[in-house]
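Only one structure is covered here, and it is reproduced in the block below.
Residue numbers (the numbering used here): 35 to 222.
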């Protein structure tokens, strides 16, 4: 009896992410990412103008504090702080999405070389989230009135590295998915 109770409580304690299949994890984190992306786009509608056509991305890629301050004054500090705050939840969702996709693809490969490549991209998906966290903290410092050129430069380079690595991870996910499909059709 004790053994049964222990097993049941261990299963309950594992939570959603440990019980679900990988497909459900990918689907759930992907849907949440899309919902949050739409919420960020809707909430950040004030960012977009002829002067700032890329919205919050323009703010992330500012060259100096003076330019950042102009955008803060135009859009409003509270609006921008709320958007960056919502972005923290988005970071978790899209990082998990990338992580689950890379993990699922890595598990498909039998050969160690492909598994190692998959593991590298799995780790890069975590690095994307870390870079985005660094960027958001620097943005909040800038928005909180404690910013200077250093906080703007940190957010800019964190964003550049984040977008570059994210592009590589997306290319890997698409390419590896196609390869897995080709290999599985040859084996049938």
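Note that the Cβ used here is the ideal one computed from N, Cα and C, for glycine as well.
Owing to the predicted nature of the structure, the values given are computational and were not obtained by experimental measurement.
Look at the alpha carbon of residue i and the alpha carbon of residue j, and state the distance between them as a whole number of angstroms.
{"i": "residue 89", "j": "residue 207", "result": "27 Å"}
{"i": "residue 143", "j": "residue 212", "result": "13 Å"}
{"i": "residue 77", "j": "residue 58", "result": "28 Å"}
{"i": "residue 105", "j": "residue 93", "result": "7 Å"}
{"i": "residue 86", "j": "residue 123", "result": "24 Å"}
{"i": "residue 216", "j": "residue 209", "result": "11 Å"}
{"i": "residue 108", "j": "residue 195", "result": "27 Å"}
{"i": "residue 148", "j": "residue 156", "result": "12 Å"}
{"i": "residue 80", "j": "residue 91", "result": "13 Å"}
{"i": "residue 204", "j": "residue 95", "result": "21 Å"}
{"i": "residue 236", "j": "residue 72", "result": "Since the displayed the chain opens at 35 and closes at 222, residue 236 lies outside it and no answer follows."}
{"i": "residue 110", "j": "residue 150", "result": "46 Å"}
{"i": "residue 121", "j": "residue 138", "result": "25 Å"}
{"i": "residue 220", "j": "residue 202", "result": "27 Å"}
{"i": "residue 184", "j": "residue 197", "result": "20 Å"}
{"i": "residue 82", "j": "residue 61", "result": "30 Å"}
{"i": "residue 192", "j": "residue 68", "result": "22 Å"}
Provide the residue span of the alpha helix (DSSP H) that contains residue i, from first to last.
{"i": "residue 163", "result": "146-177"}
{"i": "residue 138", "result": "111-142"}
{"i": "residue 64", "result": "56-77"}
{"i": "residue 93", "result": "90-94"}
Given residue i, which residues of its chain have a CB within under 8 Å of its CB, disregarding the five upstream and five downstream residues?
{"i": "residue 125", "result": "163, 166, 167, 170"}
{"i": "residue 129", "result": "159, 160, 162, 163, 166"}
{"i": "residue 153", "result": "140"}
{"i": "residue 43", "result": "In this prediction, residue 43 scores a pLDDT of 41, lower than 50, which makes its location untrustworthy; no coordinate-derived value is stated."}
Among the options, which has the Cα closest to the Cα of residue i?
{"i": "residue 70", "options": "191, 201, 116", "result": "116"}
{"i": "residue 74", "options": "98, 84, 114, 83", "result": "114"}
{"i": "residue 288", "options": "177, 220, 200, 192", "result": "Residue 288 falls outside the range modelled here, since the chain spans only 35 to 222, and no answer is possible."}
{"i": "residue 179", "options": "219, 151, 103, 220", "result": "103"}
{"i": "residue 98", "options": "110, 62, 186, 192", "result": "186"}
{"i": "residue 214", "options": "145, 197, 174", "result": "145"}
How many whole angstroms separate the CB atoms of residue i and residue j, which I take to be in contact at a CB cut-off of 8 Å?
{"i": "residue 56", "j": "residue 134", "result": "6 Å"}
{"i": "residue 172", "j": "residue 189", "result": "4 Å"}
{"i": "residue 66", "j": "residue 136", "result": "That belief does not hold up - the Cβ atoms of residue 66 and residue 136 are roughly 17 Å apart, past 8 Å."}
Excluding the 5 residues preceding and the 5 following residue i in the sequence, name in chain order all residues of the same chain whose CB lies nearer than 7 Å to its CB.
{"i": "residue 119", "result": "none"}
Excluding the 5 residues flanking residue i on each side, which residues of the same chain have their C-beta closer than 6 Å to its C-beta?
{"i": "residue 64", "result": "131"}
{"i": "residue 182", "result": "99"}
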